[in-house]
Amino acid sequence: MCGITGWIHWNDDLTKYPTVLEDMTKTLAPRGPDASGTWMSPHCSLGHRRLSVIDPENGAQPMWRKYDYQTFVIVYNGELYNALELKEDLINRGHTFQTTCDTEVLLISYVEWGTKCVDRLNGIFAFAVWNDLEEKLFIARDRVGVKPLFFSYQNDSFLFGSEPKAILENPSFKPEIGAEGLAEIFAIGPARTPGHGIYKNMEELKPGYCLELNKNGLKKYPYWKLESHPHEEDVDQTAQTIRELLIDTVERQLISDVPVCTLLSGGLDSSALTAIAVNYYNQTKQGTVNTFSVDYVDNDIHFKENDFQPNSDQPWIRRMSGFLNTNHQNIQFDTPELVESLKDVVDARDTPGMADVDGSLFLFCREIKKQATVAISGEAADEIFGGYPWFHREDSLSASTFPWSLTLNKRLEILSDELKEWIRPEQYVEDRYAQAISEVPHLKGETAEQRKMRQMSYLNITRFMPTLLDRKDRMSMRVGLEVRVPYCDHRLIEYVWNIPWEIKTAGDREKGILRKALKGILPEDVIQRKKSPYPKTHNPNYTEAVKMWILEILDDSSSPLQSLINVNKIKEIANSDVKSYHFPWFGQLMSGPQLFAYLAQVDFWLRKYNISIK
0 MCGITGWIHW NDDLTKYPTV LEDMTKTLAP RGPDASGTWM SPHCSLGHRR
50 LSVIDPENGA QPMWRKYDYQ TFVIVYNGEL YNALELKEDL INRGHTFQTT
100 CDTEVLLISY VEWGTKCVDR LNGIFAFAVW NDLEEKLFIA RDRVGVKPLF
150 FSYQNDSFLF GSEPKAILEN PSFKPEIGAE GLAEIFAIGP ARTPGHGIYK
200 NMEELKPGYC LELNKNGLKK YPYWKLESHP HEEDVDQTAQ TIRELLIDTV
250 ERQLISDVPV CTLLSGGLDS SALTAIAVNY YNQTKQGTVN TFSVDYVDND
300 IHFKENDFQP NSDQPWIRRM SGFLNTNHQN IQFDTPELVE SLKDVVDARD
350 TPGMADVDGS LFLFCREIKK QATVAISGEA ADEIFGGYPW FHREDSLSAS
400 TFPWSLTLNK RLEILSDELK EWIRPEQYVE DRYAQAISEV PHLKGETAEQ
450 RKMRQMSYLN ITRFMPTLLD RKDRMSMRVG LEVRVPYCDH RLIEYVWNIP
500 WEIKTAGDRE KGILRKALKG ILPEDVIQRK KSPYPKTHNP NYTEAVKMWI
550 LEILDDSSSP LQSLINVNKI KEIANSDVKS YHFPWFGQLM SGPQLFAYLA
600 QVDFWLRKYN ISIK
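For the sequence shown, position 205 (counting from the first letter as 1) is numbered 204 according to numbering that gives the first Met the number 0, and the numbering increases by one without interruption.
As structure tokens, then:
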């Protein structure tokens, strides 16, 4: 994986400003610690930071190739899992290759097929190709948004980057936030509406979208979206298809010229990926698979079961590691490290995020990076197979809002009257929800129940899943660790999308069809284990630390946060029983302590990034 950035300007000579591009590129150094490169012409400059995974010797970027009078230049962040098949096809069409890296495969795919090359790609990617003769830029992002891409287009100047920080580094871009950005932060956050960059005049290229830019202007369009079709296979055939797709996907994603490990929680999703990886390593005689898990000091003492976290991971991790004979390491963090990381992760995201849920992942990835460069992780299984509690709770299914954020009224209590009047949070959430529901591709003849479950699946795949993918990319790439997510393979998502709910819940269990598909791969007790989410700290010392942080902010008259929140309400919560806010106000993990941390992150972000509110 890597970091990419660029600057196109039709009315200026960019070769006069080489240090601007270099500074933009430098902001992405954590994403690509192994090498840096730039390419410049009068109207286009491209920058790249590289994390070497395939062909470390020859895969430098920006990469360019000349064909007759045309020069094509690419910057690319991602991995192509069907690069070998594409390369063979291109060779048969008369192309030659100078490297074994997938960057060259992608560049020549564009030369051969133009913008339609994206239809042939299996992988995770964000890339830009510049045609120097035609002065035309083409950008594309992978189908479900595993790899990020942001852009800004103002006054004939186009900026893009893997992260907002690259755009923010350009002196022509001003860090500002308006009503819509604040509504995203306080009413939708830490999720983000697809396409929104939070900052004024900054957008995100949506998953599955392309962008074309030339002197006549800019156009964006989707090349992929979910489509609904009748499902023709029975339960047994469906389980077998899922099994075959998952094995093929994992084995493709294990290809690397550097060490690969897996993240193992002992749950169904990560255990399945690890078991397939171990079997593949045994078949190919590649040795023992390294596995890693995360926990917190004294969590065994403070953990209490609830509807969202029914059991602890540790016994199940030991069960799976022993069963598969992996080389396992359990990494633990204590409260001081976790609190300290809350600022680091804002720098990683360029926005406030999921508080200690981000922080622990950042610390976890930092430790893994000391021993590995590539990891396999289980994100997206719950979104596509229906594993979250809100798929199975009537209060969530009947709510006319996002099921992971049912308590908007509680969130509104902590906002200032002035902010609520400006951003109109209730209307904003209602509009964003209606927008999402309007996109759902329903099947003709669906029952009310089938319609409801298809809507729930769509919301999770297109609204909740991107939040977790964004988190995984930013926290891992902040330390130069590439994390691959096999459940995000578009072939698997397309197939599972059309499986009827009664088959998805085969055996009257959440993710029942996945459990059936994994029989013989995992032990039966692991197959039947009830879902437990990513672990968070239950240590009261953490609650106390973030409470003191937010109280310090509330006593600081220079804080930019104070005009945005109800200071008295926050103090009331902090000085009373915080357990009254021990409900998940976002997702499954963010409750009272995370509320304090999130607000403190907002304050830190506004100050550190010197953001003007307009």
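Yeah, the Cβ is synthetic: ideal placement off N, Cα and C, and Gly gets one too.
- For Lys-510, no alpha helix (DSSP H) segment is defined, and its DSSP state is neither H nor E.
- Taking Thr-114 as reference, the option from Leu-212, Gln-97, Pro-388 and Asp-346 with the minimal CA-CA separation is Leu-212.
- Per the coordinates, the alpha-carbon of Thr-4 lies some 47 Å from the alpha-carbon of Asp-233.
- Under DSSP, the beta-bridge partners assigned to Gly-77 are Phe-124.
- Looking at the backbone, the Cα of Cys-209 and that of Ile-572 are separated by about 46 Å.
- Listed in chain order, the non-local C-beta contacts of His-8 below 7 Å within the same chain comprise His-42, Asp-155 and Ser-156, local neighbours out to five positions each way being set aside.
- Cβ neighbours of Ala-274 within its own chain (closer than 7 Å, five residues either side excluded): Leu-323, Ile-520 and Leu-521.
- Distance between Arg-606 and Pro-559, taken at the CA atoms: about 7 Å.
- Distance between Tyr-486 and Val-145, taken at the CA atoms: about 11 Å.
- The three-state secondary structure of Gln-328, taken from DSSP, is strand.
- The residue among Ile-610, Ile-375 and Leu-396 with its C-alpha nearest the C-alpha of Val-259 is Ile-375.
- When secondary structure is reduced to three states using DSSP, Ile-422 falls in the helix class.
- Residue state for Asn-298 is assigned as helix, using DSSP reduced to three classes.
- The three-state secondary structure of Thr-37, taken from DSSP, is strand.
- Under the three-state reduction of DSSP, Asn-213 is assigned to strand.
- Boundaries of the alpha helix (DSSP H) around Gln-600: 591-607.
- Ile-436 is classed as exposed because its beta carbon has fewer than 16 other beta carbons within 10 Å across all chains shown.
- The straight-line gap separating the alpha-carbon atoms of Leu-120 and Val-566 is approximately 50 Å.
- When the beta-carbon positions are compared, Glu-509 and Gly-386 come within less than 8 Å of each other.
- With a cut-off of 8 Å on Cβ pairs, the stretch 537-556 is in contact with the stretch 594-602, counting three or more such pairs.
- As computed with DSSP, Ala-374 is found in a beta bridge with Cys-260 and Val-482.
- In the DSSP assignment, Gln-252 falls within the unbroken alpha helix (DSSP H) covering 234-252.
- Rounded to the nearest angstrom, the gap between the Cα atoms of Lys-503 and Asn-497 is 10 Å.
- DSSP places Trp-9 in the coil class of the three-state scheme, outside both helix and strand.
- Residue environment for Ser-456: buried (at least 16 other C-beta atoms within 10 angstroms of its C-beta).
- Nearest to Met-201 by alpha-carbon distance, out of Thr-400, Glu-179 and Lys-214, is Glu-179.
- Annotation for Phe-157: the continuous beta strand (DSSP E) segment containing it runs 156-160.
- A direct Cα-to-Cα measurement between Gln-587 and Arg-317 gives close to 24 Å.
- Three or more beta-carbon pairs separated by less than 8 Å link the stretch 476-485 to the stretch 245-259, which places the two stretches in contact.
- In this structure, Gln-600 sits away from Ala-371, with a CB-CB distance that is not shorter than 8 Å.
- Here Cys-43 carries a strand assignment [DSSP, helix/strand/coil].
- Secondary structure note for Ile-275: its alpha helix (DSSP H) is the uninterrupted segment 267-282.
- In the three-state scheme derived from DSSP, where H, G and I count as helix and E and B as strand, Trp-129 is classed as strand.
- As for any alpha helix (DSSP H) of minimum length 4 sitting wholly inside the stretch 373-460, the runs are 380-384, 393-396, 407-412, 416-422, 424-437 and 447-458, ordered along the chain.
- Ile-569 and Lys-224 have their alpha carbons spaced roughly 42 Å apart.
- The continuous stretches of beta strand (DSSP E) do not include Met-201, and DSSP gives it neither H nor E.
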